[in-house]
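First the structure, in the form of structure tokens, and then the observations on it.
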Amino acid sequence: MGHDKHHKDYNCVCRAVEEIFDAQEAIEEQCPTSCFSNLLNPAISPGRDTVPFILYTKKGDPFTIFGNVGGFTGDMACFKTIFFRVENIKDCCATLSLLRPVDGDGETISVCDPCDPDFFGLEKTNYCIEVDLQNFTAIQCLPPDLVGRARDTKKHHHHG
Numbered sequence: 001m002g003h004d005k006h007h008k009d010y011n012c013v014c015r016a017v018e019e020i021f022d023a024q025e026a027i028e029e030q031c032p033t034s035c036f037s038n039l040l041n042p043a044i045s046p047g048r049d050t051v052p053f054i055l056y057t058k059k060g061d062p063f064t065i066f067g068n069v070g071g072f073t074g075d076m077a078c079f080k081t082i083f084f085r086v087e088n089i090k091d092c093c094a095t096l097s098l099l100r101p102v103d104g105d106g107e108t109i110s111v112c113d114p115c116d117p118d119f120f121g122l123e124k125t126n127y128c129i130e131v132d133l134q135n136f137t138a139i140q141c142l143p144p145d146l147v148g149r150a151r152d153t154k155k156h157h158h159h160g
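In terms of this note's numbering, the sequence shown has 70 at position 70, counting the first letter as 1, and numbering is strictly consecutive.
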């Protein structure tokens, strides 16, 4: 409502991230009737509090960030990820936490391509970045079920 008109028209990526943030926040209180509410409705998906997403740069590439640089946390390896969770957003500047990609065994992997055959699920982390959402041209929301995905559904999948 009170957006400056001289400040470029409101970016659709900003709007999408704000919608996701509102949907995640609303889980605690009540279920809103936005398009994201069914994804996050606790009755449908118990324990789901994250809409993971990929941001795309102006060149059309997934935005890639490094997590756990130096490997200081637990036994976790340094990793590359293109998957994020919104933690906060104000005026198109967002705090995003990195979602750690894991394979079918729950091992940390680096993923720069969402169709990577080893990619199985995502784990929440405390690694955060600040981004200006106006630098991105597209956002792709992914199923909340990717976060904390149960591994036993893919026991037959072994890599050698």
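By construction, the Cβ of each residue, glycine as well, lies at the ideal position given by its N, Cα and C atoms.
Spatial neighbours of residue i within its chain, please: C-beta separation below 8 Å, excluding the five flanking residues on both sides.
i	result
Glu18	Ile89
In its own chain, which residues sit with a C-beta less than 6 Å from the C-beta of residue i, not counting the 5 before and 5 after it?
i	result
Cys141	Val51 and Phe53
Val13	Leu133, Phe136 and Ile139
Asp103	Ile109, Asp118 and Phe120
Cys78	Asn68, Val69 and Gly71
Report, in whole angstroms, the separation of the C-beta atoms of residue i and residue j, which I expect to be a contact under 8 Å.
i	j	result
Ala16	Ile139	5 Å
Pro101	Val86	That pair is no contact at about 18 Å.
Ser97	Lys124	7 Å
Who are residue i's beta bridge partners in DSSP?
i	result
Ala138	Tyr56
Ile89	Ala94
Thr108	Val102
Glu18	Glu18 pairs with nothing; no bridge assigned.
Cys128	Ser97
Phe66	Lys80
Straight-line CA distance for residue i to residue j?
i	j	result
Lys80	Thr108	10 Å
Gly121	Pro144	10 Å
Ile82	Val131	13 Å
Asp91	Thr64	22 Å
Cys115	Ala94	26 Å
Asn126	Arg48	17 Å
Tyr56	Pro62	5 Å
Phe84	Phe21	12 Å
Thr73	Leu99	14 Å
Gln24	Asp113	25 Å
Below 7 Å CB to CB, which residues in the same chain sit around residue i once its five sequence neighbours on both sides are set aside?
i	result
Asn11	Cys92, Leu133 and Gln134
Segment contact, 8 Å Cβ cut-off, at least three pairs: the stretch 66-73 with the stretch 139-150 = no
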